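Have a look at the structure below before the remarks.
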Amino acid sequence: MTIPDRSEPSASNSAAYEQSRDGQRDRVLAALRQTAERVPEQTEFTNSNRYKVWGPLVALASLGGVFFGLSTGKLLVTLCAVALVLFGVTLFWQHRHSGTQVFMRLTRREGWVDTLSAPFQLADVEDIVVKEEGLITAQELTMSGDAVLPSHRVRHMAFFADQAVVDKDEPSIRIMSAGLMSNGRKVSAREMATLLEAYRDAACAQRQLEMLQADG
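For the sequence shown, my numbering gives the first residue as -11, with consecutive numbering after it.
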């Protein structure tokens, strides 16, 4: 009686399984690469020009108050108008580099803000809210509980200057700026939220990609 040789079908099934698993892994890697590459490698942001325009307007409008106060002999009106002129001139001077000086940068892994001590990992961002709060654009990023958070540092003191606040008790980063521009174009709050979400997804994909590649 001849015993059938089952080694060949078993080996064939094993090879087919390995091939199928490798194919699935390749598709996952390709999908992760595609997600990561949906955004540019780097996008830079500056403040908008709003205060560079408003500063001179406030100063010029307040000059009328100065002349009115002087002509009517009203000292209080004159002093208030002079203060507004100085405020307008100071506002313009402090924001004279708006639209050209980068204060924030996004990459496929990290977010960088000039008033933070170090970059933060975009893959650790859990929730994103971007909104206009009067004269300020605020970006609120809720971070994961195990995220390594940078600390705030003061680079410059100016009216409505870009600043970042870090809350380590309830892990979050709040970035405030005088509007937003990228490549000389104004970026709305909705556009910024969409960009942040895209970069967060790219960072998550990049992290997963590196983990899978490390596992071989």
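Ideal placement from N, C-alpha and C gives every residue a C-beta, glycine not left out. None of the values given here were measured: they were computed from a predicted structure.
What is the residue span of the alpha helix (DSSP H) that residue i lies within?
| i | result |
| --- | --- |
| Leu104 | From DSSP, Leu104 is part of no alpha helix (DSSP H); its letter is neither H nor E. |
| Ala111 | First-last for Ala111: undefined, no H or E at that position. |
| Arg141 | Premise fails: Arg141 is in no alpha helix (DSSP H) and is neither H nor E. |
| Gly76 | 63 to 82 |
| Glu25 | Neither: Glu25 is in no alpha helix (DSSP H) and is coded neither H nor E. |
| Asp203 | 177 to 203 |
Would you check if the distance between the CB atom of residue i and the CB atom of residue j is smaller than 8 Å?
| i | j | result |
| --- | --- | --- |
| Leu129 | Val154 | no |
| Arg162 | Thr103 | no |
| Asp189 | Thr23 | yes |
| Ser132 | Glu114 | yes |
| Ile124 | Met164 | yes |
| Lys40 | Arg84 | yes |
| Arg93 | Ala191 | no |
| Arg13 | Ala166 | no |
| Ile52 | Thr66 | The sequence given here has Gly at residue 52, not Ile. Contact flag unset, no. |
| Ala69 | Ser50 | yes |
| Arg21 | Leu197 | yes |
| Ala135 | Asp112 | yes |
From the DSSP secondary-structure annotation, give me the bridge partner or partners of residue i.
| i | result |
| --- | --- |
| Gln30 | Thr95 |
| Val90 | Thr34 |
| Lys40 | In DSSP, Lys40 forms no bridge with anything. |
| Val118 | Gln127 |
Using a 10 Å radius around the Cβ and a threshold of 16 neighbouring Cβ atoms, would you call residue i buried or exposed?
| i | result |
| --- | --- |
| Arg15 | exposed |
| Phe55 | exposed |
| Ser59 | exposed |
| Val101 | buried |
| Val175 | buried |
| Gln82 | buried |
| Gln89 | exposed |
| Ala193 | buried |
Starting from residue i and walking both ways along the beta strand (DSSP E), at which residues does that stretch end?
| i | result |
| --- | --- |
| Ala152 | 151 to 155 |
| Glu128 | 124 to 131 |
| Arg162 | 160 to 165 |
Taking 8 Å as the threshold, find out whether the region 174 to 188 comes into contact with the region 25 to 45 through three or more Cβ pairs. By the C-beta criterion, the region 174 to 188 is judged to be in contact with the region 25 to 45, since at least 3 inter-stretch pairs fall below 8 Å.
Evaluate the contact criterion for the region 106 to 126 versus the region 70 to 77: three or more CB pairs, one atom per stretch, below 8 Å. no
Validate contact between the region 169 to 176 and the region 33 to 42 using beta carbons, cut 8 Å, 3 pairs: Contact between the region 169 to 176 and the region 33 to 42 is present, because at least three Cβ pairs lie under 8 Å.
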